[in-house]
Amino acid sequence: MSSEHEVAQKDHPSVEVAARDLRRNGSNGGGTPDPRDWLAALIKGSDDAIVSRNLDGIIQSWNGGATRLFGYSADEAIGKSIAILIPNDRLKEESMILARIECGTYAGRLETKRRRKDGSLVDISLTISVIRNDDGDVVGASMIARDITERLMALAQQRLFMGEMHHRVKNLFALATAIVSISARSSGSGTDVIDDIRARLSSLARAHDMTMADQSHHGWNRQISSLLTLIGRILDPYIAADGRVAIGGDDCDVGAKAIPYLSLLLHELATNAAKFGSLSAGSGRLDVSVATGGSLVRLTWRETGGPAPSTAGPEGFGSRLERSVTRALNTTIERDWRPTGLVATIAIPQAVLTA
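Per the working numbering, residue 724 is the first one in the sequence shown, and the count goes up by one each step.
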């Protein structure tokens, strides 16, 4: 019996070499091991799960990589239906694969989910090729499975931050307009207005860089070690000489994990305040206070004097961001839309905040 592994050539060239040698059906002489021994050793030692099955879907071979990925030993898997690995909602996918195998066409490569022995699901990249006997008849298929969970998680994180970048760029013009308005209300001469606008735009750029720092290569800005300092850095573009923005209360350390999440959340609150809330009105005011005690740190965001708040509108990036923050930092966020303005209370476990 010979094996066709052309689909796997790019990722597993040694499999193709060994399979070609096997088709020669003989040793090279001179004490050289039988190519079938090389192939068996290669499959046994592969980190990938390599499984073969017949046309009835019965597992015929099972390597160590399959045991590590799916949890079944070879004794437990061989002789069982391949369906032990397939979630109920993927059974139609298996029917499609089997139909293509029976026709002698490759099922090719696909990304899918399979079920482990413990019932959990795992994301895999699955490469399939047919197995023929010496007469050329299709008798089964070989499957190479690779865990792609970490890659998919990385892609999801990349999409989140790309969405954040897109969201921030769209807001830049609105933020610049708000900064100009705040500066004009609080400054005297034209020269002062220009200087204030220049300084606040520079602060905005620093805050934007902080929220969008490349965590994987440069890390987040570790010079910020306290919560009040972090809040000040985020709100700096909106703080005018008239004292309409006040920051106070108890200070505490902020760990590297919490910095990016809080930066994004505070930046979102500040953006909305400048566009729709208290900072969009000349008489508006923002007070941010921190209280520590027990196991929780409470940050209160209080807006007054702005337009009447409204909870209406479709879910946006801010809502999705809040859910990410609550999951990542075990945080609760409560919003109270009072007639005088928004009051948001953020409660964070101190152990999580400082980790």
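Glycine included, C-beta positions come from ideal geometry on N, C-alpha and C.
For residue i, the three-state DSSP class (helix, strand or coil)
i, result
"T872", "helix"
"P810", "coil"
"I1056", "strand"
"K815", "helix"
"K803", "coil"
"D974", "coil"
"I847", "strand"
"K980", "coil"
"K836", "strand"
"S986", "helix"
"D757", "coil"
"V1003", "Here the sequence assigns Ser to residue 1003, which means Val is not the residue at that position. Looking at S1003 - three-state DSSP - the assignment turns out to be helix."
"T1015", "strand"
"D965", "coil"
"S796", "coil"
Cα-Cα separation between residue i and residue j, rounded to whole angstroms
i, j, result
"T1049", "G827", "51 Å"
"G1028", "R1061", "11 Å"
"T835", "C975", "45 Å"
"S1033", "S1042", "15 Å"
"I962", "V968", "6 Å"
"P758", "K767", "14 Å"
"I851", "R1058", "52 Å"
"G1016", "Q1073", "9 Å"
"D857", "H889", "57 Å"
"I1056", "L992", "12 Å"
"I1069", "T914", "39 Å"
"T952", "D771", "48 Å"
"P960", "A1067", "20 Å"
"V1075", "A981", "7 Å"
"A864", "R776", "6 Å"
"L958", "R882", "26 Å"
"T872", "A1031", "46 Å"
Beta-carbon proximity of residue i to residue j, cut-off 9 Å
i, j, result
"L778", "V845", "no"
"L723", "E1026", "Because the chain here runs from 724 to 1078, residue 723 falls outside it and cannot be looked at."
"L1052", "I1071", "yes"
"A1014", "D973", "yes"
"K704", "I782", "A question about residue 704 goes unanswered here, because the residues of the chain that appear run from 724 up to 1078."
"S769", "G794", "no"
"R837", "R813", "yes"
"I847", "D870", "yes"
"G1000", "L1009", "yes"
"I773", "A797", "no"
"I807", "E817", "no"
"A997", "S1003", "yes"
"V916", "T1077", "no"
"L1019", "L950", "no"
"L849", "M866", "yes"
Beta-bridge pairing of residue i - partner residues as DSSP gives them
i, result
"A1070", "R1021 and T1055"
"I781", "S804"
"A879", "DSSP output for A879 lists no bridge partner at all."
"V774", "W785 and M866"
"R1061", "G1064"
"G831", "I851"
"R921", "None; R921 has no bridge partner."
"T1027", "R1008"
Residues of its chain near residue i, where Cβ-Cβ distance is below 8 Å and the 5 sequence neighbours each way are ignored
i, result
"E825", "L778 and V861"
"G842", "none"
Cut-off 7 Å between Cβ atoms - residues of its own chain near residue i, not counting five sequence neighbours on either side
i, result
"R839", "F793, G794 and V845"
"Y984", "V1048, A1051 and L1052"
"I809", "E817, R837 and R838"
"I970", "L951, I954, G955, L958 and V1011"
Close Cβ partners of residue i (< 6 Å) along its chain, the five nearest in sequence each way excluded
i, result
"G831", "none"
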